[in-house]
Amino acid sequence: MIVPIDPPLQGIAIDRFHALAKALNQARQRNHEGDLRALLDEDLAWARAHLASESNAAIAYEAAARVLVDLVRLGWQVREEGYGIELVAERPRLGRLTPEQILAEKRRTQAMFLPTVQAQLSEPAVRDLARRLEKPSSRSGKKPVSCLIADGSELHARLLAARQNSEDVDDPLATAIRPYLQWVTADGVDEFTGHSLREIWRYFRYSWSIPQFAMYGLGNHFNVRL
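As numbered in the working numbering, residues 45 to 270 make up the sequence shown, in order.
Given below as structure tokens:
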């Protein structure tokens, strides 16, 4: 897929934007998230300093720069076209895929999102959330969120015992695992750890292989317990 990009910029701003696009493409080839972040921070500082007298121009430049960096993070390639630039994405694979090809596609998608996920995990607010849930203060009366994570060896023992006793019960897995959904409400508190259900949901959401966004689905969140 090829998409021309022509943000509403003029004069020195459009020249600066094209220079940013070239630099981002080089950083993408090095596959280093720190380079992308540094380029974005540098350009935002430039826009605020040189376009400050034109508030709309500064806002337009910042929006265009942020979108461009996010697209590069997601695997889009920047390419010069005449006097402008265009974004190129790998054409999606069509047709029926084998299980091996499906797994390869999943890994490719995960690798594409990995820089954005890592960037989110390095944000101060996310690091603070993880610290508060993983190591709550003794005065808070709360327990570490790790209490909600199944121990691998213990879970394996339960499953193994269920398999060995499969002839004695109708549903052997039901004796080992009993999952249930817990509706995450604004003021809900987890009965085992004392943490906010919303914060627990956010904590585990950051462990996914795709980035966290401010608005997700219809806004109804559920925690799954085993």
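All C-beta atoms, glycine included, are put in the ideal place defined by N, C-alpha and C.
Small disclaimer: the values here were computed from a predicted structure and weren't measured.
C-beta contact flag for residue i and residue j at 8 angstroms
{"i": "LYS186", "j": "GLY119", "result": "no"}
{"i": "ALA230", "j": "ALA220", "result": "no"}
{"i": "ALA104", "j": "PRO143", "result": "no"}
{"i": "ALA71", "j": "LEU83", "result": "yes"}
{"i": "ARG123", "j": "VAL132", "result": "yes"}
{"i": "GLN164", "j": "SER253", "result": "no"}
Beta-carbon proximity list for residue i, same chain, < 7 angstroms, skipping 5 on both sides
{"i": "LYS179", "result": "PRO188"}
{"i": "LEU217", "result": "ALA206"}
{"i": "TYR260", "result": "The predicted model places TYR260 with a pLDDT of 45, which falls under 50 and marks its position as unreliable, so this point remains unresolved."}
{"i": "TRP90", "result": "ARG60"}
{"i": "ALA65", "result": "LEU112, VAL122 and ILE129"}
Cα-Cα separation, residue i to residue j
{"i": "LEU192", "j": "GLY232", "result": "16 angstroms"}
{"i": "ARG74", "j": "ALA194", "result": "38 angstroms"}
{"i": "PHE236", "j": "ASP172", "result": "21 angstroms"}
{"i": "ILE129", "j": "LEU112", "result": "11 angstroms"}
{"i": "THR160", "j": "LYS150", "result": "16 angstroms"}
{"i": "LEU270", "j": "TYR224", "result": "Residue confidence for LEU270 is low, a pLDDT of 46 falling below 50, so the modelled location carries little weight; the figure read from the coordinates is stated next. Going by the C-alpha atoms only, they are around 7 angstroms apart."}
{"i": "ASP215", "j": "GLN208", "result": "12 angstroms"}
{"i": "SER210", "j": "GLN121", "result": "53 angstroms"}
{"i": "ILE56", "j": "LEU68", "result": "18 angstroms"}
{"i": "ARG278", "j": "GLN226", "result": "No answer is possible for residue 278: it lies beyond the span of the chain, which begins at 45 and ends at 270."}
{"i": "ALA169", "j": "LEU147", "result": "33 angstroms"}
{"i": "GLU243", "j": "ALA102", "result": "35 angstroms"}
{"i": "GLN86", "j": "GLU125", "result": "The sequence as given places Glu at residue 86; Gln does not occur at that position. About 25 angstroms."}
{"i": "SER166", "j": "ARG92", "result": "24 angstroms"}
{"i": "PRO255", "j": "PHE157", "result": "7 angstroms"}
{"i": "LEU241", "j": "SER181", "result": "18 angstroms"}
{"i": "LEU141", "j": "SER251", "result": "27 angstroms"}
Sequence-distant residues of the same chain with beta carbon closer than 6 angstroms to residue i, five excluded per side
{"i": "LEU203", "result": "ALA220"}
{"i": "ASP79", "result": "ALA71"}
Cβ-heavy atom distance, residue i to the ligand ZN, below 7 angstroms
{"i": "ASP59", "result": "For the structure depicted, the ligand ZN is absent and the ligand set is empty, with no information on it obtainable."}
Contacts around residue i, its chain only, beta-carbon distance under 8 angstroms, and the 5 residues preceding and following it disregarded
{"i": "ALA201", "result": "none"}
I'd like to know if the stretch 46-66 and the stretch 107-114 are in contact, where contact means that at least 3 CB-CB pairs between them fall below 8 angstroms. yes
### Cβ pair count under 8 angstroms reaching 3, the stretch 165-185 against the stretch 239-247
yes
Check: What residue ranges within the stretch 140-181 form continuous alpha helix (DSSP H) runs of no fewer than 4 residues, ordered along the chain?
Finding: 143-165 and 168-178
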